[in-house]
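Everything below concerns the one structure shown next.
Numbering (full-length UniProt numbering), first residue to last: 1 to 463.
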């Protein structure tokens, strides 16, 4: 992969010329890219993939997915200088570096990029689709009239099973090896004979997307080998830190201390924990109340969250001192633990304004024996998670739905479903515990009537 040679021309899209806006990404670009662009392009594409993942995990319909992809692409991948194609290709290859580094990362990237390509290709006009096939020299040829007549009855049966119009002499079908269209085979959407799948033109998208997936799968393995043998060592000080951090990068709002717009009172903490804390923080909070102690991981996860919701330093010290003091005495707490709390608030050491942990960071944590931090949706047993959700007065049906998302590793979607069930309101998707809290307060916090606000203003003025 080479980003060294400066260029402002439109890139070859990897096997196709510049006719198409789509690409198989067969050849890495030769461009000079700043580190800022390197990272920003990847983040923008990652926002598209994460938005698509959220929609897929919620079972959105195909037409909804296609509209979403168009909106996400327009929002994050368009450039002001018209170099959309450059950004598309560069961002793909950067993320290929990021997600080639483990089986789990490769699986996610392959799935999301294939879905992105499929929806983008399907949204193209027929002439543009045809041009893409020609540019990439894909060997898809329509079957002859005689071949169609010989299997017409079978094709009609498939169409009827899918409640689709029966094919006729004007219908176009492509004969391809069945392993190239696994999704169509799994959905029984094609007729198969002697290892060949007869794909109607209406399913051309799946055919081309299968090619894309196959090529990308092989490319990810080759990229991993190159990463391990060359890039990670040669770029250990420059690119490697960016690449290794991108897969766990939080993409949402900033919940650092300087961004907090409100404060929470210490006496309201128990009520807030019951109504507005996400399950991970609710669990930590009540474990602290029960055991009067948390290990370091739990103190960091809960402490920074409380800081993010608006708990002032003085109140944070009082809160933790009152809990830990019941088990070890106030003097020992002040000696061993108070410094760390002040440090998290930027009042000790390097005086860094530490930010609350995102969902991604919490999900990727590795709690040990006796720890209570981490993500309950990932780290709890199914029995314990069912009990925890039951304590939030969720019905059996919604608990089963949440657990189904957990089994499929959609932990943030499971948290979003919990939010929607407890608040009776939809959410755009939970990516951060403090986002959960903020959205909860907007729904649950009673608004002061305008008349009362006016009365208070008049009273203050008169006095």
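Quick reminder that beta carbons are idealized off the backbone N, C-alpha and C, glycines included.
As the structure is a computational prediction, the values presented were derived from the model and not from experiment.
What's the C-alpha gap between residue i and residue j?
i, j, result
"residue 12", "residue 246", "Interpretation of residue 12 is limited by its pLDDT of 37, a score under 50 that renders its predicted location unreliable; the figure taken from the coordinates is listed afterwards. Roughly 26 Å separates the two Cα atoms."
"residue 181", "residue 206", "6 Å"
"residue 185", "residue 132", "24 Å"
"residue 323", "residue 219", "54 Å"
"residue 285", "residue 319", "11 Å"
"residue 289", "residue 413", "28 Å"
"residue 171", "residue 149", "11 Å"
"residue 118", "residue 105", "20 Å"
"residue 53", "residue 226", "28 Å"
"residue 336", "residue 381", "33 Å"
"residue 466", "residue 215", "Residue 466 is absent from the model: the chain starts at 1 and stops at 463."
"residue 235", "residue 221", "19 Å"
"residue 384", "residue 295", "20 Å"
"residue 37", "residue 360", "23 Å"
"residue 253", "residue 439", "12 Å"
"residue 457", "residue 310", "Confidence in residue 457 is poor, its pLDDT being 42 and thus under 50, which makes the residue's placement too unreliable to answer from."
"residue 347", "residue 60", "47 Å"
"residue 69", "residue 442", "29 Å"
"residue 71", "residue 123", "12 Å"
"residue 135", "residue 418", "47 Å"
"residue 9", "residue 189", "Reliability of the predicted coordinates at residue 9 is poor, the pLDDT of 32 falling under 50, and no value is obtained from them."
"residue 127", "residue 84", "21 Å"
"residue 238", "residue 362", "27 Å"
"residue 275", "residue 313", "23 Å"
"residue 342", "residue 330", "16 Å"
"residue 243", "residue 107", "17 Å"
"residue 377", "residue 392", "14 Å"
"residue 202", "residue 137", "20 Å"
"residue 406", "residue 379", "10 Å"
"residue 103", "residue 230", "19 Å"
"residue 159", "residue 197", "14 Å"
"residue 250", "residue 89", "23 Å"
"residue 421", "residue 367", "27 Å"
"residue 292", "residue 429", "33 Å"
"residue 271", "residue 389", "17 Å"
"residue 339", "residue 404", "42 Å"
"residue 386", "residue 399", "7 Å"
"residue 212", "residue 177", "15 Å"
"residue 62", "residue 224", "32 Å"
Between which two residues does the alpha helix (DSSP H) harbouring residue i extend?
i, result
"residue 151", "145–161"
"residue 296", "296–309"
"residue 41", "35–57"
"residue 165", "That residue, residue 165, is in no alpha helix (DSSP H); it is neither H nor E in DSSP."
"residue 175", "Element bounds for residue 175: not the alpha helix (DSSP H) but the beta strand (DSSP E), 173–177."
"residue 193", "Element bounds for residue 193: not the alpha helix (DSSP H) but the beta strand (DSSP E), 191–193."
"residue 63", "62–76"
"residue 404", "396–407"
"residue 367", "Counting along the chain, residue 367 falls outside any alpha helix (DSSP H), and DSSP gives it neither H nor E."
"residue 186", "182–186"
"residue 383", "382–390"
"residue 323", "313–328"
"residue 437", "433–444"
"residue 131", "126–135"
"residue 464", "With the chain represented from 1 up to 463, any question about residue 464 goes unanswered, as that position is not in the structure."
"residue 357", "Per DSSP, residue 357 belongs to no alpha helix (DSSP H) and is neither H nor E."
"residue 107", "103–122"
Indicate, with yes or no, if the ligand ZN has a heavy atom lying under 6 Å from the CB of residue i.
i, result
"residue 208", "Looking at this structure, you won't find the ligand ZN or any other ligand, since it has none at all."
Pop quiz: residue i and residue j are said to be a contact at Cβ under 8 Å. What is the actual Cβ separation, rounded to whole angstroms?
i, j, result
"residue 305", "residue 281", "5 Å"
"residue 307", "residue 344", "6 Å"
"residue 145", "residue 169", "7 Å"
"residue 116", "residue 204", "With a Cβ gap of about 17 Å, residue 116 and residue 204 do not count as contacting."
"residue 143", "residue 175", "5 Å"
"residue 139", "residue 167", "With a Cβ gap of about 22 Å, residue 139 and residue 167 do not count as contacting."
Span of the beta strand (DSSP E) holding residue i?
i, result
"residue 338", "Careful: residue 338 lies outside any beta strand (DSSP E), inside the alpha helix (DSSP H) at 338–344."
"residue 428", "First-last for residue 428: undefined, no H or E at that position."
"residue 373", "No beta strand (DSSP E) holds residue 373; DSSP gives it neither H nor E."
"residue 200", "196–200"
Checklist entry - On the three-pair Cβ rule with 8 Å, is the region 18–33 touching the region 208–219? => result Contact between the region 18–33 and the region 208–219 is present, with at least three C-beta pairs closer than 8 Å.
Next on the checklist: Within 8 Å, do at least three Cβ pairs link the region 36–43 to the region 88–98?
Outcome noted: Taking 8 Å as the limit for Cβ pairs, the verdict is that the region 36–43 does touch the region 88–98.
Next on the checklist: With three or more C-beta pairs closer than 8 Å as the rule, is the region 424–434 touching the region 348–357?
Outcome noted: The region 424–434 and the region 348–357 touch, with three or more beta-carbon pairs separated by less than 8 Å.
Checklist entry - Would you call the region 367–380 and the region 295–302 touching, i.e. three or more CB-CB distances under 8 Å? => result With a cut-off of 8 Å on Cβ pairs, the region 367–380 is in contact with the region 295–302, counting three or more such pairs.
Checklist entry - Which parts of the region 227–292 are runs of the alpha helix (DSSP H), unbroken and 4 residues or longer, counting only runs that do not cross its ends? => result DSSP runs (the alpha helix (DSSP H)) wholly in the region 227–292: 240–246, 269–275, 279–291.
Checklist entry - Is there contact between the region 109–125 and the region 55–75, where contact requires at least three CB pairs shorter than 8 Å? => result Yes, since at least three Cβ pairs between the region 109–125 and the region 55–75 fall closer than 8 Å, the two stretches touch.
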